[in-house]
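Chains as they are written, first to last, in the numbering used here: chain L, 1 to 111; chain F, 1001 to 1115.
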């Protein structure tokens, strides 16, 4: 599975847009990109996933450039409740395989 | 609530005791996964089932660990002769096979403390 690299931590303020970039230089043709959010003492919560270009849902947007070697999770107008760890994962399509989590990005939203 | 559920949410046990955790996946999800997460780390894969068949096991799953999914619905994870190093959050996730993008949905986890 492609290894991912993302910042260890980020700080932001309420109301700002937050962009978390993840690099995955060795992504393979059949891999897709998935992001999870995790609060302390809870299981990871699925946020968004995509294969290429841009994906948007009610929570976030995911931008994937043409070479797919990186991706950016965009959280619009964050609030204090968005303080969490965000994990970027590259997943082999339909392999029934395990998810390989890295250390994630600890986002701290300040008032 | 139609999400993944896990029971118990918390378990404190003494070293050497056996413990069993249960996971109820999202209805009709045919894949079920177990992960373990220690403080400050991301979850680590332990094993997964497709229907009732256990298809893959991590080297983290020592002989003291056993998982079952007897009817292809709920699953149990048993740890025998617990050790202090087994203290962790045990997470269950389920998914539906998808030809394009499979999404795993996680339960709230069972936090185990071995004294």
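Ideal Cβ placement from N, Cα and C applies to all residues, glycine included.
- Comparing alpha-carbon positions, the option among F:1093, F:1100, F:1010, F:1073 lying closest to residue 1033 of chain F turns out to be F:1093.
- For residue 110 of chain L, the enclosing beta strand (DSSP E) starts and ends at 105 to 110.
- Note that the C-beta distance between residue 1115 of chain F and residue 1015 of chain F is below 8 Å.
- Under the three-pair Cβ rule at 8 Å, the stretch 62 to 71 of chain L counts as touching the stretch 32 to 52 of chain L.
- The Cβ atoms of residue 100 of chain L and residue 89 of chain L lie closer than 8 Å to each other.
- Exposure of residue 1012 of chain F is indicated by the presence of fewer than 16 other C-beta atoms within 10 angstroms of its C-beta.
- Among the CB atoms of chain F, none fall inside 8 Å of the CB of residue 10 of chain L.
- By the neighbour-count criterion, in which 16 or more other beta carbons inside 10 Å mark a residue as buried, residue 1069 of chain F falls on the buried side.
- Each of L:91, L:55, L:14 was checked against the Cα of residue 80 of chain L, and the nearest Cα belongs to L:14.
- Scanning L:85, L:40, L:71 for the CA closest to the CA of residue 33 of chain L turns up L:71.
- Beyond the five residues adjoining it in sequence on each side, residue 1065 of chain F comes within less than 6 Å, by CB distance, of 1079 in the same chain, given in chain order.
- One thing to note: residue 53 of chain L has its Cβ no nearer than 8 Å to the Cβ of residue 23 of chain L.
- The C-beta separation of residue 1042 of chain F from residue 102 of chain L comes to about 6 Å, placing the pair in contact by the 8 Å criterion.
- Looking only at F:1096, F:1090, F:1099, the smallest Cα-Cα distance to residue 1010 of chain F is reached by F:1090.
- For the pair residue 1020 of chain F and residue 20 of chain L, the Cα-to-Cα distance works out to about 38 Å.
- Considering only beta carbons, the part of the stretch 33 to 49 of chain L lying closer than 9 Å to chain F consists of 34, 36, 38, 41, 42, 43, 44, 45, 46, 49, in chain order.
- For residue 1053 of chain F, the enclosing beta strand (DSSP E) stretches over residues 1053 to 1057.
- The beta carbon of residue 82 of chain L sits closer than 7 Å to the beta carbons of 75, 107, 109 from its chain, once the five residues preceding and following it are set aside; these are given in chain order.
- Ranking F:1085, F:1097, F:1098 by CA distance to the CA of residue 1112 of chain F puts F:1085 first.
- Annotation: residue 29 of chain L to residue 1097 of chain F spans about 19 Å, alpha carbon to alpha carbon.
- Within chain F, no residue has its CB atom less than 7 Å from the CB of residue 107 of chain L, the nearest being about 15 Å off.
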